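Chains A and B, in that order, give the protein sequences.
Using our numbering, you'd call the opening residue of the first sequence number 2 and step up by one each time.
Using our numbering, you'd call the opening residue of the second sequence number 5 and step up by one each time.
Note that CB positions come from ideal geometry on N, CA and C, so glycine has one too.
Owing to the predicted nature of the structure, the values given are computational and were not obtained by experimental measurement.
One structure is given below, encoded as structure tokens.
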Amino acid sequence: MSTQDDTDYQNAIETAQLDDEPIRILDDDGTLLSSAEPPALSEAELLEMYADIKLARHFDQRAVSFQRQGRIATYAPMTGQEGSQVATSHALDDEDWLFPTYRDHAAKYVHGADLAALLKTLRGYREGYAIPDDVNLMPEYIPIATQVPQAMGMAWGQMLQGNDDTAVLCHLGDGATSEGDFHEGLNFAGVFDVPAVFVCNNNQWAISVPRERQTASETIAEKAHAYGVEGVRVDGMDPLAVYAVTRAAIKKAKAPTDDERRPTLIESVQYRYGAHTTSDDPSVYRDEAESEAWRDRDPLDRLETYLYQTDVLNAEREAKIEARIEAEVATAIETAEAAETSPERMIEHVYEETPNRLQEQFDELSTLREKYGDDAFAEVLG
Amino acid sequence: MSSAAATEAGSMTERLTLVEGVREGLHTEMERDDRVMVLGEDVGKNGGVFRATEGLYDEFGGGRVVDTPLAESGIVGSAIGLALSGLRPVAEMQFMGFMYPAFDQLVSHAARLRSRSHGQYTCPLVVRAPYGGGIRAPEHHSESKEAFFVHEPGLKVVIPSTPADAKGLLTAAIRDPDPVMFLEPKLIYRAFREEVPQKSYEVSLGEAAVRREGSDISVYTWGAMTRPTLIAADNLADEHGVDCEVVDLRTLSPLDAGTVVASFEKTGRAAVVHEAPKTGGVGAEIATTIQEEALMYQEAPIKRIAGLDAPIPLHALEDYYLPQAVRIQDGILETVEF
Ligand SMILES: Cc1ncc(C[n+]2csc(CCOP(=O)(O)OP(=O)(O)O)c2C)c(N)n1
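And the structure:
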């Protein structure tokens, strides 16, 4: 998305101590830190990033309330984490690949996924997983950490085919770092030195299990060392810092300088304000005061303050952005709710050519639907 | 608990759901045997995502009810080691669809420790996992892949369909000297209650239950499909005068071939109902067992009423995928009227 030069952050990453405080550009209130240089983003790019974060938050609120009304099924909220998601996707070029998790709604949207499609999936239609033709994005991964070796392999494949302008960005959670697939993926990435960036959204919790129960190491970033991969910690609630660090890592992945490694593991330190999913009750396992404290560093508030302070944003622009995103989300909802599905979808795309036996099973089902009517199929337990 | 008999310890009962039956099974065994421990993702403070372990952490502490890191191979692999060391681990896989990282530990090791060591080492381990569709869950949360484990010699595969069986079968599984896959039909975790004895008791592994006696056809099923099968059997009796015998297998491995065959010899006709994909499912095993052992009694082709040979769809279409009463009824009628 950006072609700016971020050499400063390249340097910052190189010199970063792994157990240091995470890299940040904005203070908790959103004021530019005196020691920091903002990433070279144009006004338009900054406003776009801001609007995307705002849209993500609005979408998230709508989705949670829709789930409560029974209009969509289980949903994984992202409030508190939108800043990091939006920033990592802004750091990608269009040709780069994104491997998202079930919580990366905003990251997917920024990289080109359709909001209405996302809602269709949540309404239980697999059609929603279809990716627009020109978008380099995988459907969301639900089994934890399984995307890590695959993203590595995609990066490897791009490299083997000489696609030097393509890198791969892979999202994962802190819980995911406990799985064997994390180890195997990172290990391969280091050994084959592939153009991949792994962003661990360390939101402090894997459902009810705190980060300290996933690993006894001080930080997640320091694990990178063991794989011969670069590791860096960033304040995941500072969108500018996440952007700068990710952008630098993507550029390095594509064109490392002498004796530099391509792959990076970024630990984006953040917090999940809400429940793990709409089926989860965080009050059982965590203290709400902890959650409150993190809200003081809210990514949307911080970026907003910064943009007001630098006159990039003003009340009039903000109102315009708000109106635009509300309309966009409303349209997506309308489109998703107007969508219909059909039982044929169950057997489509299982194979390129549907095997006879599967077709026969389906035809038998269709005969029964004609005979008894669809109402007879409404509930398994009667 | 008003009746005089019920006040006598040992005959006390309580009305429980299936998931509460699971919890009671864990609870009574943990009380009875301090080698029993529970481990898995979110099983401690959170009491499990389905609340199957609720209260156990408070009662037995974090040393016996252990929240592990998010790593299925680590959970089952370490449980094998715990079992080898003399403990009685009960490992929870959060959903069957997420147990594949542990597959290697299960099939390469848990299943064959006894045979590999020529009986020197054993693996008294229970792996619990909610399985099956019908609860509007996201992708990967609705699979029914019991056949994978049935195919592995050395593993036992148990699936309860009632609260009382859930408690008794789980108790037997924990006391069993071999590794047991205990698969829990989450569609009926909370669908109904029944009287469950408060005392500790076992329901033997390897024994099917005849849920409904009948003379026209034997219908074999297990887990969540037992309910719609019984509904279908009632409808068939009322509307068509067809008298179904319904056999709930309860243990898929080792299969209770005796009960399967005896029922077939009585009725001469069979249907199998399962929500797993039809091809290579346990239904094929049951049909073949009947063919091998009771061919001369057979009066009609054996019907499989099963999930499609396609991934279970997201929730909008899952009711079309899973067998439900009309499909079961129709399949049974076709067999009876052959
Ligand atoms: C292999 C696997 N095991 C278990 C689960 C169930 N599960 C879903 S999300 C989750 C916690 C994930 O935590 P983390 O990786 O930190 O990501 P977060 O949800 O916090 O974004 C678990 C255990 C799963 N989806 N996949």
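| Asked | Found |
| --- | --- |
| Using a Cβ-Cβ cut-off of less than 7 angstroms, list which residues of the stretch 344 to 378 of chain A approach chain E; keep chain order. | Absence of chain E from the displayed structure is noted, the protein chains being A and B. |
| With a threshold of 8 angstroms, are at least 3 pairs of Cβ atoms found where one atom belongs to the stretch 24 to 38 of chain A and the other to the stretch 306 to 316 of chain A? | yes |
| In whole angstroms, give me the CA-to-CA distance for A/P40 and A/S90. | 15 angstroms |
| From the DSSP output, read off the bridge partner residues of A/G174. | A/N202 |
| Between A/I26, A/P23, A/L42 and A/I54, which lies nearest to A/E323 when the distance is taken from Cα to Cα? | A/I54 |
| Which whole-angstrom value is the C-beta distance of B/R231 and B/I163, which I expect to be below 8 angstroms? | No, B/R231 and B/I163 are not in contact; Cβ-Cβ is about 13 angstroms, not under 8 angstroms. |
| Pick helix, strand or coil for B/A9, following the three-state DSSP scheme. | Unreliable placement is indicated for B/A9, whose pLDDT of 44 sits below 50; no coordinate value is reported for it. |
| For A/Y130, which residues in the same chain have their Cβ closer than 7 angstroms to its Cβ, ignoring the five residues on either side in sequence? | T122 and P140 |
| For ligand 1, any of its heavy atoms closer than 7 angstroms to the Cβ of A/I26? | no |
| Closer than 8 angstroms is the cut-off here; do at least three beta carbon pairs connect the stretch 251 to 269 of chain A with the stretch 201 to 218 of chain A? | yes |
| If contacts are defined as beta-carbon pairs under 8 angstroms, then B/I294 and B/I309 qualify, I think. What distance do you get, rounded to the angstrom? | Rounded, the Cβ-Cβ distance is 15 angstroms, inconsistent with contact. |
| CB A/D97 to CB A/T167, shorter than 8 angstroms? | yes |
| Are the CB atoms of A/G176 and A/Q392 within a distance shorter than 8 angstroms? | The displayed coordinates of chain A run from 2 to 383. Any statement about residue 392 of chain A would go beyond what the structure contains. |
| Could you tell me if the beta carbon of A/L369 falls within a distance shorter than 7 angstroms of some heavy atom in ligand 1? | no |
| With C-beta atoms as the reference, is B/A95 less than 8 angstroms away from B/G51? | no |
| Assign B/K171 to one of three DSSP states: helix, strand, or coil. | helix |
| Under the three-state reduction of DSSP, which class applies to B/F196: helix, strand or coil? | coil |
| Is there a Cβ of chain A sitting closer than 8 angstroms to that of B/E45, yes or no? | yes |
| Would you kindly check if the distance between the Cβ of B/R27 and the Cβ of B/E199 is under 8 angstroms? | no |
| In the DSSP assignment, find the beta strand (DSSP E) that holds A/F189 and state where it starts and stops. | That residue, A/F189, is in no beta strand (DSSP E); its alpha helix (DSSP H) goes G181 to F193. |
| Suppose you measure from the CA of A/L27 to the CA of B/M41; what does that come to, to the nearest Å? | 47 angstroms |
| How should A/L119 be labelled, buried or exposed, when 16 other C-beta atoms within 10 angstroms of its C-beta is the threshold for buried? | buried |
| Do B/F102 and ligand 1 come close, with the Cβ less than 7 angstroms from some heavy atom? | yes |
| How big is the Cα-Cα spacing for A/T342 and B/T263? | 43 angstroms |
| Note down the Cα distance separating B/G29 from B/Q202, rounded to an integer number of angstroms. | 10 angstroms |
| Between A/G186 and A/V230, is the Cβ-Cβ spacing less than 8 angstroms? | no |
| Assuming B/K190 and B/G272 form a contact by the criterion Cβ under 8 angstroms, report the distance between their Cβ atoms to the nearest whole angstrom. | Their Cβ separation, rounded to whole angstroms, is 35 angstroms, which puts B/K190 and B/G272 out of contact at 8 angstroms. |
| Does ligand 1 have a heavy atom nearer than 7 angstroms to the CB of B/L74? | yes |
| Do you know how far the Cα of B/R140 is from the Cα of A/E380? | 11 angstroms |
| Listed in chain order, which residues of the stretch 92 to 110 of chain A have Cβ atoms closer than 8 angstroms to some Cβ of chain B? | Y103 |
| Judging by CA-CA distance, which residue of B/E279, B/V277 and B/G245 is the nearest neighbour of B/S219? | B/G245 |
| Using a Cβ cut-off of 9 angstroms, pull out every chain A residue sitting near B/D313, in sequence order please. | I348, V351, P356, R358, L359 and Q362 |
| Between A/A333 and chain B, is there a C-beta pair that is closer than 8 angstroms? | no |
| Looking only at DSSP bridge pairs, what is A/I24 linked to? | A/V235 |
| May I ask you to list, following chain order, the residues of the stretch 131 to 149 of chain B that have a beta carbon less than 9 angstroms from some beta carbon of chain A? | G137, G138, R140, A141, P142, E143, H144 and H145 |
| How long is the line joining the alpha carbons of B/S257 and B/P134, rounded to whole angstroms? | 18 angstroms |
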